[in-house]
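Student:
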Amino acid sequence: MKKRIGILTSGGDCPGLNAAIRGVAKASYGMFDCEIIGIKDGFKGLIHNNYQVMTPKDFAGLLVRGGTIFGTSRTPYKKMRKIEIDGIDKVKNMKENYAKMELDCLITLGGNGTHKNANLLREEGLNVIALPKTIDNDIWGTDVTFGFHSAVDIATEVIDRIHTTADSHDRVMLVELMGHKAGWLTLYAGIAGGADVILIPEIPYSTDKVLDSLDKRHSSGKNFSILAVSEGAVTTKESKMKKKEFKKERAKMKHSSVSYRLAHEINEELGLETRVTIPGHQQRGGTPSPYDRILATKLGAYAAELIANRDYGKTISIVNKKLWATPLEEVAGKLKLVDKDNILISTGRLINTSFGD
Ligand code: F6P
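Position one of the sequence shown corresponds to residue 227 (the working numbering), numbered consecutively onward.
1. Is the stretch 242-262 in contact with the stretch 276-290, if contact means three or more CB pairs nearer than 8 Å?
2. Thinking C-beta only, is LEU357 closer than 8 Å to LEU332?
3. Taking C-beta to C-beta, are LYS270 and THR294 nearer than 8 Å?
4. Report yes or no: do three or more beta-carbon pairs, one from the stretch 421-439 and one from the stretch 359-378, lie closer than 8 Å?
5. For the beta strand (DSSP E) that contains GLY232, what are its first and last residues?
6. Are at least three pairs of beta-carbons, each pair with one atom in the stretch 394-408 and one in the stretch 437-452, less than 8 Å apart?
7. Let me make sure I understand the geometry here. Which of THR579, TYR486, ASP330, TRP366 has the alpha-carbon closest to that of TRP550?
8. Give the DSSP-derived three-state secondary structure of LEU563 in the structure shown.
9. Could you compute how far the alpha carbon of CYS260 sits from the alpha carbon of MET227?
10. With a CB to CB cut of under 6 Å and the five nearest residues on each side skipped, what residues in its chain are close to ARG501?
11. Take the Cβ of ALA477 as the centre, count every other Cβ of all protein chains shown within 10 Å, and call the residue buried at 16 or more, exposed below.
12. Just to confirm my understanding: we take ILE417, look at its own chain, exclude 5 residues before and 5 after, and list those with CB closer than 8 Å. What are they?
13. On the three-state DSSP scale, how would you describe ILE569?
14. Can you grab the Cα-Cα spacing for the pair THR462 / ARG443, in whole Å?
15. Output the distance between the C-alpha atoms of LYS342 and LEU496, rounded to the nearest integer angstrom.
16. Could you pull out every residue in the same chain whose Cβ sits closer than 7 Å to the Cβ of GLY409, ignoring the five residues on either side in sequence?
17. Using a Cβ-Cβ cutoff of less than 8 Å, which residues in the same chain neighbour THR503 once the five nearest sequence positions on both sides are dropped?
18. Does any heavy atom of ligand 1 sit closer than 7 Å to the C-beta of THR360?
19. Within 10 Å of its beta-carbon, does SER446 have 16 or more other beta-carbons around it, so buried, or fewer, so exposed?
20. Compare the C-alpha of ALA489 against each of LEU521, ALA344, ASP434 and name the closest.
21. Considering only heavy atoms of ligand 1, does any lie closer than 7 Å to the CB of GLY574?
22. Rounded to the nearest angstrom, how far is the Cβ of ILE361 from that of GLN508, given a contact under 8 Å?
23. Do ILE265 and GLY242 have their CB atoms nearer than 8 Å?
24. Taking the C-alpha atoms as reference points, what is the distance between GLN278 and ILE262?
25. Could you name each continuous alpha helix (DSSP H) segment of 4 residues or more that falls completely within the stretch 500-575, going from the start of the chain to the end?
26. Taking the DSSP output, what are the residues bridged to THR461?
27. Quick one, are the C-beta atoms of ILE542 and ALA529 less than 8 Å apart?
28. Checking 8 Å against the spacing of the C-beta atoms, do GLY336 and LYS308 come in under that value?
29. Report the CB separation of LEU576 from ASN338 in whole angstroms; it is logged as a contact under 8 Å.
30. By the 10 Å Cβ neighbour count, where 16 or more other Cβ atoms means buried, how is LYS540 classified, buried or exposed?
31. Can you tell which of ILE492, SER299, THR340, MET404 has its C-alpha closest to the C-alpha of SER439?
32. Should VAL545 be labelled buried (16 or more other beta-carbon atoms within 10 Å of its own) or exposed?
33. Identify the residues that DSSP records as bridge partners of CYS260: which are they?
34. Just the Cα atoms here: how many angstroms apart are GLU225 and LEU329?
35. Looking at ASP344: is its Cβ nearer than 8 Å to the Cβ of THR412?
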């Protein structure tokens, strides 16, 4: 019997989503008789029954294409069971539309929020398989997520380009990188780009220590410095605050971004000229790197194997280069953060990189 497979992409986009969609489609068409339904704009499309029936030729040319052909949106998990002003029961709608589309299973491509929503649908009795995507690389249970290495390449190139202009102008340059609450992207790009200071959320920084390391560097004759700063970096004082107090303190600050604040402090205290670069969503844009094309294809093709075996309620993880089908309930709601004895941190310390601690 023909299998009907729904696919949606949810949360922030990233390079590799289309490559993963293509992987699912090509492997599924090759393995069993199926029809693929592209659900539009993430869970929103499932809630509002907005979808498109795909044909095999719709999946051509996707390996190198950035973004997501299905569109995406953020549908926060904490709001899923809430009836909001529009009066829509989102969970009920999703279940009804899954049935109306006559789906055998739903493939969700997304990050942490998506995994929580996918697990919710699993609990509600739907057949779900999740694929881990995010430039933040913070999905628990998998060594790597697709999108991450493309973002590392982009962020590293930014730092590389900053080097020459920092050198020409004798400046302290701060590059603020994405990653939400996780420092993976900043840590990898910071080490790859040779940043002198790397600040990540997992290692709260002391402004004095950052100033001290810059002062030492410049006093020893270096004419410029590069700081790779996670958007989620916090000071030691902030790291001890409760969420409410933290938000209140941040709201009072003149500069909403951590790197602008730090740039101001460096300039005031050390008299060094500073500039801030925030590549922002460029880190999520454009074609996936070869690494991500391969990873996304592997994960997508593996999803088709799980569909063939009716092995649902899983997310696909990659651990020590091996693919695993991990139960969704083991992953949903957990974050994979950089741990303090990560080899890149010890390597950074050995080459005199300051982590601000
Ligand atoms: O989760 C991916 C991510 O790019 C984070 O690194 C960043 O904090 C966030 O999304 C930005 O979200 P938005 O696209 O909604 O601005």
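Heads up, the beta-carbon is just placed ideally off N, CA and C, and yes, glycines get one too.
Tutor: The answer reads as follows:
1. yes
2. Here residue 332 is taken as the residue at index 106 of the sequence shown, counted from 1. Here residue 357 is taken as the residue at index 131 of the sequence shown, counted from 1. No. Outside cutoff.
3. Taking the sequence shown and counting its residues from 1, the one referred to as residue 270 is at position 44. Taking the sequence shown and counting its residues from 1, the one referred to as residue 294 is at position 68. Contact flag unset, no.
4. no
5. Counting from 1 along the sequence shown, the entry for residue 232 is found at position 6. GLY232 -> beta strand (DSSP E) spans 229-235.
6. yes
7. By 1-based counting over the sequence shown, the position of residue 550 is 324. The candidate whose alpha carbon is nearest that of TRP550 is TRP366.
8. For this step, residue 563 is matched to residue 337 along the sequence shown. Coil at LEU563, not helix or strand.
9. Looking up residue 260 in the sequence shown gives position 34. Looking up residue 227 in the sequence shown gives position 1. Each residue's alpha carbon lies about 8 Å from the other.
10. As a first step, residue 501 must be located in the sequence shown, where it is residue number 275. If we look at ARG501 and ignore the five residues flanking it on each side, its Cβ neighbours are ARG397, MET399.
11. By 1-based counting over the sequence shown, the position of residue 477 is 251. The residue is exposed, with fewer than 16 neighbouring Cβ atoms inside 10 Å.
12. Translated into positions along the sequence shown, residue 417 becomes position 191. Contacts found: ILE424, LEU570, THR573, GLY574, THR579.
13. Taking the first residue of the sequence shown as position 1, residue 569 is located at position 343. Note: ILE569 maps to helix in three-state DSSP.
14. Position 236 of the sequence shown, counting from 1, holds the residue named residue 462. Position 217 of the sequence shown, counting from 1, holds the residue named residue 443. Near 23 Å, if we compare the C-alpha coordinates of ARG443 and THR462.
15. The residue labelled residue 342 in the question sits at position 116 within the sequence shown. The residue labelled residue 496 in the question sits at position 270 within the sequence shown. Spanning the two alpha carbons is a distance of roughly 46 Å.
16. Counting from 1 along the sequence shown, the entry for residue 409 is found at position 183. Excluding sequence neighbours, GLY409 sits near ILE426, PRO427, GLU428, SER456, VAL564.
17. Within the sequence shown, the letter at position 277 stands for residue 503. Hits under 8 Å: VAL384, ILE388, MET399, LEU400, VAL401, GLU402.
18. The residue given as residue 360 occupies position 134 in the sequence shown. Yes.
19. On the sequence shown, position 220 is the one that residue 446 refers to. Its Cβ having fewer than 16 others within 10 Å, SER446 is exposed.
20. In the sequence shown, the residue the question calls residue 489 occupies position 263. Among LEU521, ALA344, ASP434, the Cα nearest to that of ALA489 belongs to ASP434.
21. Residue 574 sits at position 348 when you count from the first residue of the sequence shown. Not under cutoff, so the answer is no.
22. Here the question's residue 361 lines up with position 135 in the sequence shown. Here the question's residue 508 lines up with position 282 in the sequence shown. In fact, because the Cβ distance is near 11 Å, the residues do not count as touching under 8 Å.
23. As a working mapping, residue 265 is identified with position 39 in the sequence shown. As a working mapping, residue 242 is identified with position 16 in the sequence shown. Contact flag unset, no.
24. For the purposes of this step, residue 278 is taken as the residue at position 52 of the sequence shown. For the purposes of this step, residue 262 is taken as the residue at position 36 of the sequence shown. Answer to the nearest angstrom: the Cα atoms are 9 Å apart.
25. 516-534, 554-557
26. Working through the sequence shown from its first residue, we reach residue 461 at position 235. TYR431.
27. Mapped onto the sequence shown, residue 542 falls at position 316. Mapped onto the sequence shown, residue 529 falls at position 303. Cβ atoms of ILE542 and ALA529: closer than 8 Å.
28. Taking the first residue of the sequence shown as position 1, residue 336 is located at position 110. Taking the first residue of the sequence shown as position 1, residue 308 is located at position 82. In this structure, LYS308 does not lie closer than 8 Å to GLY336 by Cβ.
29. On the sequence shown, residue 576 is found 350 positions in, with the first residue counted as 1. On the sequence shown, residue 338 is found 112 positions in, with the first residue counted as 1. Contact flag wrong, Cβ pair sits at about 32 Å.
30. Stepping through the sequence shown from its first residue, residue 540 is reached at position 314. LYS540 comes out buried.
31. Residue mapping note: residue 439 aligns to position 213 of the sequence shown, counting from 1. Out of ILE492, SER299, THR340, MET404, ILE492 has the C-alpha closest to the C-alpha of SER439.
32. Along the sequence shown, read from residue 1 onward, the residue named residue 545 stands at position 319. Classification of VAL545: exposed, given that the 10 Å Cβ count is below 16.
33. Translated into the one-based positions of the sequence shown, residue 260 becomes position 34. Paired residue(s): LYS229.
34. Since the first residue of the chain shown is 227 and the last is 583, residue 225 is not available in this structure.
35. As a first step, residue 344 is located in the sequence shown; it is residue number 118 there, counting from the start. As a first step, residue 412 is located in the sequence shown; it is residue number 186 there, counting from the start. In the sequence as presented, Asp is not what sits at residue 344; that position holds Ala. Contact flag unset, no.
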